[in-house]
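Chains A and B are the protein sequences, given in the same order. Our numbering numbers the first residue of the first sequence as 467 and each following residue consecutively. Our numbering numbers the first residue of the second sequence as 467 and each following residue consecutively. Notes to accompany the following structure.
Number of protein chains: 2
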Amino acid sequence: MGGIAIGQAGGPTAVINMSVAGFLDHQLSSRPIYGVINGYEGLVNGNMVLLQGEVLSKVQRRRDLPGASLGAGRFALDDEKIEKAIKNLMKNNITSLVFIGGNGTMAALNRISKMASKMNYPLQTIGIPKTVDNDLDETDHAPGFGSAAKYVAHATRDISCDLKAMSNFEQVRIIETMGRNAGWLAMSSGYLKKYEEDGPHLIYVPEKPIYAEKFIYDLKNIVHEYGTATIVVSEGASILGQEQVEQAEVKGRKVLGGISSTLKDLATEHLGCFARSENLGMCQRSFSLAVSLRDRKEAYELGKKAVEYINDGKTDVMLSIFRETGFPYSVFYSTVSLEKVAEKAERLLPVKFIENTGEFYEWLSPLISEGQNWKNPYLEHAF
Amino acid sequence: MGGIAIGQAGGPTAVINMSVAGFLDHQLSSRPIYGVINGYEGLVNGNMVLLQGEVLSKVQRRRDLPGASLGAGRFALDDEKIEKAIKNLMKNNITSLVFIGGNGTMAALNRISKMASKMNYPLQTIGIPKTVDNDLDETDHAPGFGSAAKYVAHATRDISCDLKAMSNFEQVRIIETMGRNAGWLAMSSGYLKKYEEDGPHLIYVPEKPIYAEKFIYDLKNIVHEYGTATIVVSEGASILGQEQVEQAEVKGRKVLGGISSTLKDLATEHLGCFARSENLGMCQRSFSLAVSLRDRKEAYELGKKAVEYINDGKTDVMLSIFRETGFPYSVFYSTVSLEKVAEKAERLLPVKFIENTGEFYEWLSPLISEGQNWKNPYLEHAF
């Protein structure tokens, strides 16, 4: 039996290193374990290191830090590069490949698996899901999302509380979230809302267009009624008839961002008040103090499960979280075909969750609130 | 003896409501207690409510939330308005006035006290310090700063970890912090830095000009050496020979913001790489999951102390935190003259802390790390 390689790809999350930790902690076989550096780029360029000694310690020390301890990032593959990658695996006698990532990562892993077959190289491939956007299909949710949703929910509630206290100075804040083409994270912003008067007062998701006139009309009413308005908009949402707002295009990938600024300008123009736009930025996927303990645990468990599936000889699969019940929260882990995941496009927020946000927050609750044993520190009255 | 009024002014913090809680929890006298709504605006417009029954419960329920439970905000005073404010106090027979705020709040309270004397109205005035910028003089530090510094330190460390994993996609992130003309918060961003290769690689504070050419030169070297660069800049910092960057002017007050975008443009132009600017925004002063327990406790203690000083008949004072020793952390509370606080300008970051950041982080440590009993959750290896 050859070696095993593990890599991380795409944008990191606050808990992606826990999947590596879960994997390494349970890796008891005598097969050599390699870490692939900087995702698929490292696979193509042969940048793989034996995870032992000081290297292993360094990776293990970063288990509770955000970012990706092996390096991740973005790297576009083509057939030629995939061939090169497989030759690198052959050269090192690596016969099992585990990658942690989202849609793009799984589609790429599926292509690598097919190419290996074509080249008659017996390669076992296993994907571990990861995404803050929660747009990965064939799993109830993916590690990384719970912590990001927890950040967004707290940031929105807290920014809204802050704004309410400043109503004689500023009246409108437009908060922009991550999510690409799916509204999961943006919709999570309302999770901690208790009363009508609290923010977020409006949430815009990519699944539905923004009607500019309706936005201005609603905004005026909200400011009139409550004094201030906290609005949340997903980076992927767009005004009817307009393109998504991009901040850059890097290596052929659109980096979304800026719709909050567009809406802020509309607010300033039509309400004549002081409005701010706030992009919640990279803290969403990395802020360590907002890590959901359940999210962290699931990331770890999936890493551990990957070891089991490797030993069982499973291949061409992505690990998946199946939810049995929400209250009490109960899940089991299983596998789905990589091919099936690769075929699916980004998973959007279902209509039922957009139309019935209560149902969405019930679904979301165990991912943020982490079960009965978790004590919410800001509700403790210690003094 | 007449009634007592308490108000909050300026931008809120994550713990400003704890000062109100500390005050109300220990207010055992039979004197009526009023809450001033929306800071000095409420005082001038006679918007004060008796803190009892449902109103009191509502304020107490918000003790652990950010924002200001009584409303705060900005309101410029002149002699005419101050006279009006004092007449409102007279009308309600309020003879003690407590305000929680920063530089502007203390200066205004001092003016109110002088005008009351002039009008022969016996008014007791007590200020409770609060600022995330830490630019209030005559106190070791002010409540609100510790939590904001904790947020900035974690955000910077975490964003830097995230960026390191993305080095094949983006190379530069410029993080902008609050702080107005003082660099306390920006400098706090380096508190969790462990190794040279980690961010922040450069910190720009308002106390020193930015040399554009030097910035580009340093940035190139950092990216060359480490692959990525995480740079922190205070909203009040500016390029030599240029004005501070403003995002708006509201009610005659400059709202700073945008220098990170200027630096990002320089990075893009001269390095030709993908750079992002990130304004940490309102989460710095409100994010509930980053509240420092020591900061929270001190905010509460100062509210409690204000009750004592009222009973002792102290007036024209601001409460102050005196640090006896850093390790073990030991402080006592006392008072300083409001007049003296009002005379002082914004307290800048001392040269010794700019030149010797180690000394600064030692000073900062107990405000963020909250003592021996505090367990850093992301360093626990529970799995």
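Ideal Cβ positions, reconstructed from N, Cα and C, are used throughout, including at glycine.
Inset, instruction - Return the CA-CA distance between B/Leu-785 and B/Asp-603, expressed in angstroms with no decimal places. - result: Distance between the alpha carbons of B/Leu-785 and B/Asp-603: 11 angstroms.
Inset, instruction - Identify the contact partners of B/Phe-541 in chain A, using a Cβ-Cβ distance below 8 angstroms as the criterion. - result: Asn-634
Inset, instruction - Express the C-alpha separation of B/Glu-764 and B/Thr-791 in angstroms, rounding to a whole number. - result: 16 angstroms
Inset, instruction - Taking only beta carbons into account, state which residues of the segment 474 to 488 of chain A come closer than 8 angstroms to chain B, listed in chain order. - result: Gln-474, Gly-477, Pro-478, Ala-480, Met-484, Ala-487, Gly-488
Inset, instruction - Between the Cα of B/Ala-487 and those of B/Thr-801, B/Gln-590, B/Val-773, spot the shortest distance and give me the residue it belongs to. - result: For the residues B/Thr-801, B/Gln-590, B/Val-773, the minimum Cα distance to B/Ala-487 belongs to B/Val-773.
Inset, instruction - Answer with yes or no whether the minimum CB distance from A/Asp-624 to chain B is below 9 angstroms. - result: yes
Legend entry - Burial state of B/Ala-542 (16 or more Cβ within 10 Å): Exposed: under 16 other Cβ atoms inside 10 Å.
Legend entry - Where the beta strand (DSSP E) containing A/Glu-790 begins and where it ends: 783 to 791
Inset, instruction - Determine, using beta-carbon pairs with one atom in the segment 707 to 716 of chain A and one in the segment 729 to 740 of chain A, whether at least three such pairs fall under 8 angstroms. - result: no
Inset, instruction - If I'm right that A/Tyr-670 touches A/Ser-700 with Cβ under 8 angstroms, what's the distance once you round it to whole angstroms? - result: Taking a contact as a CB-CB distance under 8 angstroms, the pair A/Tyr-670 and A/Ser-700 counts as one, their CB atoms being some 6 angstroms apart.
Inset, instruction - Using a threshold of 9 angstroms, state whether the C-beta atoms of A/Ala-631 and B/Ser-535 are closer than that. - result: yes
Inset, instruction - Report yes if the CB atom of A/Tyr-775 is closer than 9 angstroms to the CB atom of A/Ile-592, and no otherwise. - result: Between A/Tyr-775 and A/Ile-592, the CB-CB gap stays under 9 angstroms.
Legend entry - contact_flag[the segment 516 to 526 of chain A, the segment 488 to 497 of chain A] where n(CB pairs < 8 angstroms) is 3 or more: Output reads yes: the segment 488 to 497 of chain A touches the segment 516 to 526 of chain A.
Inset, instruction - Compare the C-alpha of B/His-667 against each of B/Arg-646, B/Ala-678, B/Val-689 and name the closest. - result: B/Val-689
Inset, instruction - Can you pull the chain B residues whose beta carbon is under 9 angstroms from the beta carbon of A/Glu-531, in chain order? - result: Sequence inspection shows Leu at residue 531 of chain A; the Glu mentioned does not correspond to that position. Within 9 angstroms Cβ-Cβ: Arg-623, Asp-624, Cys-627, Tyr-844.
Inset, instruction - Examine chain A for any beta-carbon lying closer than 9 angstroms to the beta-carbon of B/Arg-760, and answer yes or no. - result: no
Inset, instruction - Under 8 angstroms by Cβ, that's how I've got B/Met-644 and B/Phe-826 pegged, so tell me the actual separation to the nearest angstrom. - result: Not really, about 17 angstroms apart at Cβ, beyond 8 angstroms.
Inset, instruction - Could I get the ranges of all uninterrupted alpha helix (DSSP H) runs contained in the segment 642 to 678 of chain A, with 4 residues as the minimum, in chain order? - result: For the segment 642 to 678 of chain A, whole alpha helix (DSSP H) runs of length 4 or above, ordered along the chain, are 650 to 654.
Inset, instruction - Grab me the residues of B/Lys-686's own chain with a C-beta within less than 7 angstroms of its C-beta, minus the 5 sequence neighbours each way, in chain order. - result: Leu-737
Legend entry - Residues bridged to B/Arg-719 (per DSSP): B/Val-716
Inset, instruction - Starting from A/Arg-751, find everything on chain B with Cβ-Cβ shorter than 7 angstroms and list it in chain order. - result: Asp-628
Inset, instruction - List the residues that DSSP assigns as beta-bridge partners of A/Leu-563. - result: According to DSSP, which records beta bridges pairwise, A/Leu-563 is partnered with A/Ala-471, A/Thr-591.
Legend entry - Near-chain B residues of the segment 721 to 754 of chain A - C-beta to any C-beta below 7 angstroms: Phe-740, Glu-744, Gly-747, Met-748, Cys-749, Arg-751, Ser-752, Phe-753, Ser-754
Inset, instruction - Could you say if the segment 572 to 587 of chain B and the segment 801 to 817 of chain B meet the contact criterion of at least three C-beta pairs nearer than 8 angstroms? - result: Flag = yes, the segment 572 to 587 of chain B and the segment 801 to 817 of chain B touch.
Inset, instruction - Starting from A/Ser-743, follow the beta strand (DSSP E) in both directions and report where the run begins and ends. - result: 741 to 745
Legend entry - A/Ser-754 to B/Tyr-617 span [Cα, whole Å]: 10 angstroms
Inset, instruction - Could you confirm whether any beta carbon from chain D is found closer than 9 angstroms to the beta carbon of B/Arg-528? - result: Looking for chain D here will not work: the only protein chains present are A and B.
Legend entry - Per-residue DSSP class, three states only, for B/Tyr-881: Since the first residue shown for chain B is 467 and the last is 849, residue 881 of chain B is missing from the structure and cannot be characterised.
Inset, instruction - May I ask you to check if the CB of A/Leu-737 is nearer than 8 angstroms to at least one heavy atom of the ligand SAM? - result: For the ligand SAM, the structure offers nothing, since it holds no ligand at all.
Inset, instruction - Consider the Cβ of B/Ala-574: report whether some Cβ of chain A lies at a distance smaller than 9 angstroms. - result: B/Ala-574 does not count as touching chain A.
Legend entry - The beta strand (DSSP E) enclosing B/Phe-826, as first and last residue numbers: Looking at the DSSP string, B/Phe-826 is not in any beta strand (DSSP E); the run it does join, the alpha helix (DSSP H), is 823 to 835.
Legend entry - Given 8 angstroms, three or more beta-carbon pairs between the segment 633 to 651 of chain A and the segment 552 to 562 of chain B: no
Inset, instruction - State the Cα-Cα distance for the pair B/Arg-762 and B/Pro-609, rounded to the nearest angstrom. - result: 7 angstroms
Inset, instruction - Could you spell out the range, first to last residue, of the beta strand (DSSP E) harbouring A/Leu-516? - result: 514 to 516
Legend entry - A/Tyr-856: first and last residue of the uninterrupted alpha helix (DSSP H) it sits in: Chain A is shown from 467 up to 849; residue 856 of chain A falls before or after that span and cannot be answered.
Legend entry - For A/Ser-495, three-class secondary structure by DSSP: Judged by DSSP in its simplified three-state form, A/Ser-495 adopts coil rather than helix or strand.
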